[in-house]
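Quick notes on the structure that follows.
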Amino acid sequence: MDPAGEEAHQVLQLSVVLFCGAAAIWLGVVAALLYTARRRRKSLSEQSASRFILFGGAVLPSVTLAALLSYSLWLMPGLRPFGQAASAVLHVEVTGKQYWWHVVYRRSNGPVVVSANEIRLPVGQRVELTLASSDVIHSFWIPALGGKMDMIPGRTNRLSLLANKAGTFRGPCAEFCGTSHALMAFAVVTMEAQAFQEWLGTQARPSPRAADDGAALFLRHGCGACHAVAGIDARGTIGPDLSHLGSRLTLGAGSLPNTADAIARFITEPERIKPGVQMPSFAMLPQDDIRNIAAWLKDLE
Amino acid sequence: MRVLPKQVDTLWTLFTAPVVWALHFLTCYIGAAIYCAKPDLFGVGFDAVRVGIAVATFLALGAISVSAWLAWRQWGFGTDDPPHDDPTRRDRILFQGFATLLLSGLSFVAVIYVALPALFVMECVR
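Which chain is which? The protein sequence lines are V and B, in order. The C-terminal residue of the first sequence carries number 301 in UniProt numbering, and the numbering is unbroken. The C-terminal residue of the second sequence carries number 126 in UniProt numbering, and the numbering is unbroken.
Following this line, the structure appears as structure tokens:
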């Protein structure tokens, strides 16, 4: 009910108009009901009763529905502003996977930035999102910014969003996609354009702590086979990119707070945190190694 | 000799209006879908599709209006009141006329609703 984007604003407006229209119709029906049940009843002549049924039962609903339908159709081109998407400076590719989000930022004037489970957008700039899925149908939805759009395997759907308020929001997966569907979410941060450019700049470089001690453990235990971390020899693409994991707001696609303890827990028992997750448990690693890897990942900002 | 018979003693006339509605629906949806999948095939803009839908809509509304007028005539221009439930040939014809008239009204409104998006949607993708 508190839109932070152009599209969400129009969705709210449409909802309010349709709700008021429905309320007016409901009041009309209740009024007609009370009229028939009034105490001092005088029957209508057959002709005026027929006329009442024709206008009240057929003409009025048809006209009202036509008006509401026209209003929602009139809003539709604005809700899907793909025409302007071609001029968008920033393109964000989001791929839905069981049960996380792979995010790639592409700019005309800068290197590609890969991230996961968090999307940052500039305020006041139209962004084109390209939505795909690599396994089952997911649905991408940022309620504060706009309507939802399905992610369908083998298809690329486009969504265009214009944020007009800075803030932090939550985006869920809006299409049942498996056991941990309810644990598949992402954080959305809308930032002022300048701050966004700076953030994107830091994301494009490896984290300054990438080469710390934890990196050797991370590589020795084979984490790099599935996860990529910029700046070290970890280039896996099966799991989320962890290059700047420490600066993200949540862990495990919105299922845990992002702390070193939570990271250690995720390494030890991912299946208990996210049933159906592809990552196996690494509880067999030495506890110290798990703690060190978790602390190093938390430092990757 | 009359072009349109005075009395149509068949059940088929009952379906005329819904069939026109169905054909109009298919024309609009299949036409727009094919155009938007392969816009180069036709060498015309989307506005031509909208004009095409408008023409199909006026043709459909015209056909439904003719069906409605015939039904109204069959119903005796409303000289008798429903429910027309006597087991006589006359009541059967009146009932059929009345039912056809109601179906025509429904089809008329439905055809307009089907065509409405073409009034507001100006491009394939939005």
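By construction, the Cβ of each residue, glycine as well, lies at the ideal position given by its N, Cα and C atoms.
* **Helix, strand or coil at V/Cys177 [DSSP, three-state]** => Numbered from its first residue, the first sequence carries residue 177 of chain V at position 177. The answer is coil: DSSP assigns V/Cys177 none of H, G, I, E or B.
* Can you tell me whether V/Phe169 is buried or exposed, with buried defined as 16 or more other CB within 10 angstroms of its CB? -> Numbered from its first residue, the first sequence carries residue 169 of chain V at position 169. Classification of V/Phe169: buried, given that the 10 Å Cβ count is 16 or more.
* Which residue or residues does DSSP assign as beta-bridge partners of V/Met151? -> Walking along the first sequence from the start, residue 151 of chain V turns up at place 151. Looking at the DSSP assignment, V/Met151 forms a beta bridge with V/His138.
* To do: Would you mind working out which of V/Gly214, V/Thr250, V/Glu7 and V/Val94 sits nearest V/Ile293, comparing C-alpha positions?
  => Looking up residue 293 of chain V in the first sequence gives position 293. Nearest option by C-alpha distance: V/Gly214.
* Go ahead and pull the three-state DSSP assignment for V/Gly96. => Looking up residue 96 of chain V in the first sequence gives position 96. V/Gly96: strand per DSSP, three-state reduction.
* To do: Alpha carbon to alpha carbon, how far is V/Leu162 from V/Glu7? Give it in angstroms, no decimals.
  => Translated into the one-based positions of the first sequence, residue 7 of chain V becomes position 7. Translated into the one-based positions of the first sequence, residue 162 of chain V becomes position 162. C-alpha separation (whole angstroms): 7 Å.
* To do: With a 10 Å radius around its C-beta and 16 neighbouring C-beta atoms as the bar for buried, classify V/Leu34 as buried or exposed.
  => Locating residue 34 of chain V in the first sequence gives position 34, where the first residue counts as 1. So V/Leu34 counts as exposed.
* the stretch 115-124 of chain V / the stretch 189-196 of chain V touching (three or more Cβ pairs under 8 Å) -> yes
* Asked: For chain B, is any of its Cβ atoms less than 8 Å away from the one on V/Leu73?
  -> As a first step, residue 73 of chain V must be located in the first sequence, where it is residue number 73. So yes, V/Leu73 belongs to the interface.
* **Continuous beta strand (DSSP E) stretch holding V/Ser108: start and end** => For the purposes of this step, residue 108 of chain V is taken as residue 108 along the first sequence, with counting starting at 1. V/Ser108 -> no beta strand (DSSP E), and no H or E assigned at all.
* To do: Kindly confirm or deny that the stretch 74-82 of chain B and the stretch 41-60 of chain B touch, where touching means at least three C-beta pairs closer than 8 Å.
  => no
* Asked: Tell me, which residues are paired with V/Ser160 by DSSP?
  -> One-based indexing of the first sequence puts residue 160 of chain V at position 160. V/Glu128.
* To do: Return the chain-ordered list of same chain residues with a C-beta closer than 7 Å to the C-beta of V/Leu68, the five sequence neighbours on each side being excluded.
  => Mapped onto the first sequence, residue 68 of chain V falls at position 68. Taken in chain order, the residues that qualify are Leu18 and Gly21.
* To do: Kindly indicate which three-state DSSP category V/Pro3 falls into: helix, strand or coil?
  => Position 3 of the first sequence holds residue 3 of chain V. Reduced to three states, the DSSP call for V/Pro3 is coil.
* Just how far apart, CA to CA, sit V/Gln13 and V/Leu159? -> As a working note, residue 13 of chain V is residue 13 in the first sequence. As a working note, residue 159 of chain V is residue 159 in the first sequence. About 19 Å.
* **Partner residues on chain B for V/Ala66, Cβ-Cβ distance less than 9 Å** => Translated into the one-based positions of the first sequence, residue 66 of chain V becomes position 66. Correct list: Val109, Ile112, Tyr113 and Leu116.
* Quick one: what's V/Gly171 bridged to in DSSP? -> Residue numbering aside, residue 171 of chain V sits at position 171 when the first sequence is read from its first letter. BP columns for V/Gly171 point to V/Phe186.
* Which residue's Cα is closest to the Cα of B/Gly62: B/Phe120, B/Ser107 and B/Leu116? -> Numbered from its first residue, the second sequence carries residue 62 of chain B at position 62. When each option's Cα is compared against that of B/Gly62, the closest is B/Ser107.
* Hey, is V/Met76's beta-carbon within less than 8 Å of any beta-carbon in chain B? -> The sequence position of residue 76 of chain V within the first sequence is 76, counting from 1. So yes, V/Met76 belongs to the interface.
* Do V/Thr95 and V/Ala58 come within 8 Å of each other at the CB atom, strictly closer than that value? -> In the first sequence, the residue the question calls residue 58 of chain V occupies position 58. In the first sequence, the residue the question calls residue 95 of chain V occupies position 95. No, they are not a contact pair.
* To do: Give the C-beta separation of V/Ile137 and V/Glu175 to the nearest angstrom, bearing in mind that I take them to be a contact with Cβ-Cβ under 8 Å.
  => The count along the first sequence starts at 1 and reaches residue 137 of chain V at position 137. The count along the first sequence starts at 1 and reaches residue 175 of chain V at position 175. So it is a contact: roughly 5 Å between Cβ atoms.
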